[in-house]
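Student: Below are the structure tokens for one structure; questions will follow.
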Amino acid sequence: MNLYERNFHVEICDIDTKNELTNYGILRMMQEIAADHSDHLGISINHVEEKPYTWLLLNWKLKVFLRPAWNSELTVKTWPNASDKLYSYRDFEIYTKNNELVARGTSKWVLIDLKTLNIEKTSQEILDIYKPSNTFLFEEPISKLKEPESFDFIENYTISRGDLDINGHANNLSYLRIATNILPEDVYKNIDFKDIEIMYKKECKFGDKVACIYSKNEDTYTITIKSQDLSTLHCIIQMK
Numbered sequence: 003m004n005l006y007e008r009n010f011h012v013e014i015c016d017i018d019t020k021n022e023l024t025n026y027g028i029l030r031m032m033q034e035i036a037a038d039h040s041d042h043l044g045i046s047i048n049h050v051e052e053k054p055y056t057w058l059l060l061n062w063k064l065k066v067f068l069r070p071a072w073n074s075e076l077t078v079k080t081w082p083n084a085s086d087k088l089y090s091y092r093d094f095e096i097y098t099k100n101n102e103l104v105a106r107g108t109s110k111w112v113l114i115d116l117k118t119l120n121i122e123k124t125s126q127e128i129l130d131i132y133k134p135s136n137t138f139l140f141e142e143p144i145s146k147l148k149e150p151e152s153f154d155f156i157e158n159y160t161i162s163r164g165d166l167d168i169n170g171h172a173n174n175l176s177y178l179r180i181a182t183n184i185l186p187e188d189v190y191k192n193i194d195f196k197d198i199e200i201m202y203k204k205e206c207k208f209g210d211k212v213a214c215i216y217s218k219n220e221d222t223y224t225i226t227i228k229s230q231d232l233s234t235l236h237c238i239i240q241m242k
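Take 3 as the starting number for the sequence shown in my numbering and just add one per residue.
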């Protein structure tokens, strides 16, 4: 297993009003260590001259067990778990300093050629670098999320500069923040979402006006982010 690990502290930006680690904070650490590991393997924004590739995230699947407080010391572990001709997968685990499991996550990616901006098939060279382990954390694989058939309400949002990443697109984590912000107050205060799935479809750019479509079906809450005319699907966030 090509295991990579790094210590983190729960930062002020990672907690909520109850001094508990948020899902945003968990995914922030997972996103950070994925980029860090890839940088150590020679594929990142610091190595584009030698290897002009970048990874595009398609899906998150997250299961939360504990919510440590501010300044807690955590160990985050990650490893490439599988790869086929087109898609590559990466798993994560987070532990407290007492070896208590905080969260597990898995993710799905494609490789982008920065010269052509096209999706690249996973070459043997890439496989040799990442050494996927075929060790899976979840019995159920990442699934294709579907838009709910009905909705409760829609809120509009304009993508701001604070939402953007280095590529000028809305950062992957911005979608979760936007979804969290439109939750009804009683839902936000009273429900601890410990099962999260996110599917990204089309990037958002600065100034884009999007429709955030809120749906509740039994214990599942879904926020679908689309263009304001509803013609383009950007992202689906499903929380339980």
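Just so it is clear, CB atoms sit at the ideal spot from N, CA and C, and this is done for glycine as well.
Compare the C-alpha of leucine 5 against each of Lys133, Thr182, Thr234 and Gly170 and name the closest.
Tutor: Taking the sequence shown and counting its residues from 1, one reaches residue 5 at position 3. Checked all of Lys133, Thr182, Thr234 and Gly170; the closest Cα to leucine 5 is Lys133.
Student: Roughly how many whole angstroms lie between the Cα atoms of lysine 123 and tyrosine 91?
Tutor: Counting from 1 along the sequence shown, the entry for residue 123 is found at position 121. Counting from 1 along the sequence shown, the entry for residue 91 is found at position 89. Going by the C-alpha atoms only, they are around 14 Å apart.
Student: Going by beta carbon distance, what residues of the same chain come within less than 7 Å of phenylalanine 67, once the five residues before and after it are set aside?
Tutor: Against the sequence shown, residue 67 aligns to sequence position 65. Result list for phenylalanine 67: Leu103, Val104 and Ala105, in chain order.
Student: Buried or exposed, going by whether 16 or more other CB atoms sit within 10 Å of the CB of aspartate 86?
Tutor: Here residue 86 is taken as the residue at index 84 of the sequence shown, counted from 1. So aspartate 86 ends up on the exposed side.
Student: So the alpha helix (DSSP H) lysine 191 belongs to, where does it begin and stop?
Tutor: The sequence position of residue 191 within the sequence shown is 189, counting from 1. 187 to 192 is the span of the alpha helix (DSSP H), which, as asked, contains lysine 191.
Student: Helix, strand or coil for tyrosine 97? Go by DSSP, reduced to three states.
Tutor: As a first step, residue 97 is located in the sequence shown; it is residue number 95 there, counting from the start. Strand, per DSSP.
Student: What would DSSP say about serine 40, mapped onto helix, strand or coil?
Tutor: Stepping through the sequence shown from its first residue, residue 40 is reached at position 38. In this structure, serine 40 counts as helix in the three-state DSSP scheme.
Student: Whole beta strand (DSSP E) runs in the region 132 to 162 with 3 or more residues, listed along the chain?
Tutor: Along the length of the region 132 to 162, whole beta strand (DSSP E) runs at least 3 residues long occupy 155 to 160, reported in chain order.
Student: Could you pull the start and end residues of the beta strand (DSSP E) that isoleucine 180 belongs to?
Tutor: By 1-based counting over the sequence shown, the position of residue 180 is 178. Not the beta strand (DSSP E): isoleucine 180 falls in the alpha helix (DSSP H), residues 174 to 183.
Student: What residues in its chain sit with their C-beta under 8 Å from that of asparagine 158, if we drop five residues either side in the sequence?
Tutor: Here residue 158 corresponds to residue number 156 of the sequence shown, with the count starting at 1. Closer than 8 Å at Cβ, skipping near neighbours: Lys211, Val212, Ala213, Cys214 and Gln230.
Student: Starting from leucine 64, follow its DSSP beta bridges and name the residues at the other end.
Tutor: Position 62 of the sequence shown, counting from 1, holds the residue named residue 64. Leucine 64 pairs with Gly107 and Ile198.
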